[in-house]
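Single-structure report; data block below.
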Amino acid sequence: MSLGPPVTFESNTDSLQAAQYTWGADEYFMYIVATWTYNTVTLYWQLKPGKDLSGATFTIYRSNLNDDQYTTLATVSDTWYYEDRNPPISGTVLSIHYKIKITKGDFNHESGPVYVFGNLNTRQKLLAKAILRRLLFCPRYWHTFEGVLLKRRYNGVRCACVDSITKEILNSDCTTCFGTGIQGGYWQPPSKVAMITRTPLSLTPTLDTNLNMGTVAPQPIRFQTPANIPINKHDVWVHLISNRRFYINEVQVAAEVEGLPLLYVVEARPADLKDVIYRKEIV
Ligand SMILES: [Zn+2]
Numbered sequence: 000m001s002l003g004p005p006v007t008f009e010s011n012t013d014s015l016q017a018a019q020y021t022w023g024a025d026e027y028f029m030y031i032v033a034t035w036t037y038n039t040v041t042l043y044w045q046l047k048p049g050k051d052l053s054g055a056t057f058t059i060y061r062s063n064l065n066d067d068q069y070t071t072l073a074t075v076s077d078t079w080y081y082e083d084r085n086p087p088i089s090g091t092v093l094s095i096h097y098k099i100k101i102t103k104g105d106f107n108h109e110s111g112p113v114y115v116f117g118n119l120n121t122r123q124k125l126l127a128k129a130i131l132r133r134l135l136f137c138p139r140y141w142h143t144f145e146g147v148l149l150k151r152r153y154n155g156v157r158c159a160c161v162d163s164i165t166k167e168i169l170n171s172d173c174t175t176c177f178g179t180g181i182q183g184g185y186w187q188p189p190s191k192v193a194m195i196t197r198t199p200l201s202l203t204p205t206l207d208t209n210l211n212m213g214t215v216a217p218q219p220i221r222f223q224t225p226a227n228i229p230i231n232k233h234d235v236w237v238h239l240i241s242n243r244r245f246y247i248n249e250v251q252v253a254a255e256v257e258g259l260p261l262l263y264v265v266e267a268r269p270a271d272l273k274d275v276i277y278r279k280e281i282v
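In terms of numbering that gives the first Met the number 0, the sequence shown opens at residue 0 and continues consecutively.
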């Protein structure tokens with residue numbers, strides 16, 4: 000019996016409303032976020048559930064100036080991020096902006112402009128960077144664990160394990176959708192996600208791979224993590240060294256500037272070792 004999130008295909012919109020990002024949100028996009036690290040701008044987006052956009056393509060445009068002259072960068076599909084490894088780096092890098100066009104058959108939808116660091120002005124952006132730097136300067140008794148995030152899919156091709164009438168997931172151990180009802184189940188963003196905690200993971204029973212958890216519910220762990228990748232309830236975080244996997248229970252913004260989240264406090268529940276999420280391959 001899997002301990003995976005008890006949700007049906009029609010999806011749990013409450014959990015999505017916990018999304019902390021609101022930029023780029025419109026009728027089709029839950030959010031679009033542009034983050035900038037190491038001279039790469041990464042766009043992340045999520046579609047609103049309930050729209051039949053499986054198989055849609057996403058065309059990425061960039062404007063280098065404060066005008067509407069957009070250049071086409073790429074067209075991608077079956078993915079929810081794009082890395083712009085060649086942004087025009089200069090003093091004005093933070094003023095570049097992007098937009099995304101969804102295309103499926105005759106259907107087209109174009110997002111509004113998406114700026115790096117939201118729509119903060121220059122002073123606010125510098126403040127945001129300074130706050131983040133200070134927050135990430137951890138005291139010695141905090142521990143940082145490197146991992147990868149598995150973003151739960153809410154759009155895509157419905158898995159054969161979903162009852163076509165009730166929309167119920169009939170097999171929570173399905174290795175095609177991993178209990179999500181959407182083929183593939185999760186997608187993996189390119190950047191690693193470091194979780195920071197006061198509790199050394201190696202000393203907690205939740206990380207003892209020999210432990211037989213039996214029917215005892217494992218205790219959730221609280222982490223801090225920089226908010227440069229959107230994290231939502233029901234996403235999964237995988238600690239790379241131990242391969243332990245955690246379901247995200249709750250996400251709160253611990254620090255922000257003008258509505259731009261800088262730091263999350265995340266509560267995560269260790270997945271039972273028999274949970275189907277352990278069958279998901281990390282790439
Ligand atoms: Zn399935």
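Glycine included, each C-beta is placed from N, C-alpha and C at the ideal position.
Since the structure is predicted, the reported quantities are computational estimates derived from the model, not experimental observations.
Worksheet item: Does the region 144-158 touch the region 112-124, meaning 3 or more C-beta pairs lie closer than 8 Å?
Response: no
Worksheet item: How about residue 161: is its Cβ closer than 8 Å to a heavy atom in ligand 1?
Response: Within the sequence shown, numbered from 1, the residue matching residue 161 stands at position 162. Result yes, Cβ under 8 Å from ligand 1.
Item to complete: Just mark residue 196 as buried or exposed, buried being the case when its beta carbon has 16 or more other beta carbons within 10 Å.
Response: Along the sequence shown, one-based indexing puts residue 196 at 197. Residue 196 should be labelled buried.
Worksheet entry | Candidates 163, 187, 152 and 194: closest to residue 178 by CA position | Translated into positions along the sequence shown, residue 178 becomes position 179. Ranking 163, 187, 152 and 194 by Cα distance to residue 178 puts 152 first.
Worksheet item: Which of the three DSSP states, helix, strand or coil, is assigned to residue 131?
Response: Within the sequence shown, the letter at position 132 stands for residue 131. Helix.
Fill in: Span separating the alpha-carbon of residue 194 from that of residue 220
Numbered from its first residue, the sequence shown carries residue 194 at position 195. Numbered from its first residue, the sequence shown carries residue 220 at position 221. Taking the straight line from one Cα to the other gives about 10 Å.
Worksheet item: Hey, residue 244 and residue 252 are a contact pair by Cβ (cut 8 Å); roughly how many whole angstroms apart?
Response: For the purposes of this step, residue 244 is identified with residue 245 of the sequence shown, where counting begins at 1. For the purposes of this step, residue 252 is identified with residue 253 of the sequence shown, where counting begins at 1. Going by Cβ atoms, the distance from residue 244 to residue 252 rounds to 24 Å, so no, they are not a contact pair.
Worksheet item: For residue 43 versus residue 188, is the C-beta distance shorter than 9 Å?
Response: In the sequence shown, counting from the first residue as 1, residue 43 sits at position 44. In the sequence shown, counting from the first residue as 1, residue 188 sits at position 189. Closer than 9 Å, so yes.
Discussion item. Bridge partners for residue 291 per DSSP, in chain order?
Written reply: The requested residue 291 does not occur in the structure, where the chain is confined to residues 0 to 282.
Worksheet entry | Unbroken beta strand (DSSP E) run spanning residue 191, endpoints | The count along the sequence shown starts at 1 and reaches residue 191 at position 192. Note, residue 191: premise wrong, no beta strand (DSSP E); not H, not E.
Practice prompt. Spatial neighbours of residue 58 within its chain, please: CB distance less than 6 Å, with the 5 preceding and 5 following residues excluded, ordered by chain position.
Written response: Numbered from 1 along the sequence shown, position 59 holds the residue referred to as residue 58. Result list for residue 58: 74 and 100, in chain order.
Item to complete: Drop a sphere of 10 angstroms on the beta-carbon of residue 79, count the other beta-carbons inside from all chains shown, and report buried for 16 or more, exposed for fewer.
Response: One-based indexing of the sequence shown puts residue 79 at position 80. So residue 79 ends up on the buried side.
Worksheet item: Does at least one heavy atom of ligand 2 sit under 8 Å from the Cβ of residue 276?
Response: In the structure on display, ligand 2 does not appear, and the ligands it does have are ligand 1.
Discussion item. Cutting at 7 Å between CB atoms, please list the residues of its own chain near residue 72, excluding the five before and the five after it.
Written reply: Indexing the sequence shown from 1 puts residue 72 at position 73. 59, 60, 61 and 83.
Practice prompt. Give the DSSP-derived three-state secondary structure of residue 92 in the structure shown.
Written response: As a position in the sequence shown, residue 92 is number 93, starting the count at 1. Note that residue 92 has pLDDT 49, beneath the 50 cutoff, so the model's placement of it is unreliable and the number below is only indicative. In this structure, residue 92 counts as helix in the three-state DSSP scheme.
Worksheet item: Which class does residue 75 belong to by DSSP, given the choice of helix, strand or coil?
Response: For this step, residue 75 is matched to residue 76 along the sequence shown. The answer is strand: DSSP assigns residue 75 an E or B state.
Worksheet entry | Where residue 166 sits in the DSSP three-state scheme | Here residue 166 corresponds to residue number 167 of the sequence shown, with the count starting at 1. It is coil, neither helix nor strand.
Worksheet item: Just to confirm, does residue 180 get its C-beta within under 8 Å of one of the non-hydrogen atoms of ligand 1?
Response: On the sequence shown, residue 180 is found 181 positions in, with the first residue counted as 1. True, at least one ligand heavy atom lies under 8 Å from that Cβ.
Item to complete: Could you work out which residue in 166, 248, 234 and 31 is closest to residue 96 when comparing CA atoms only?
Response: Here residue 96 corresponds to residue number 97 of the sequence shown, with the count starting at 1. With distances taken between Cα atoms, residue 96 lies closest to 31.
Discussion item. For residue 229 and residue 36, I'd like the C-alpha separation in whole angstroms.
Written reply: Within the sequence shown, residue 229 is the residue found at index 230, counting from 1. Within the sequence shown, residue 36 is the residue found at index 37, counting from 1. Each residue's Cα considered, the two are about 15 Å apart.
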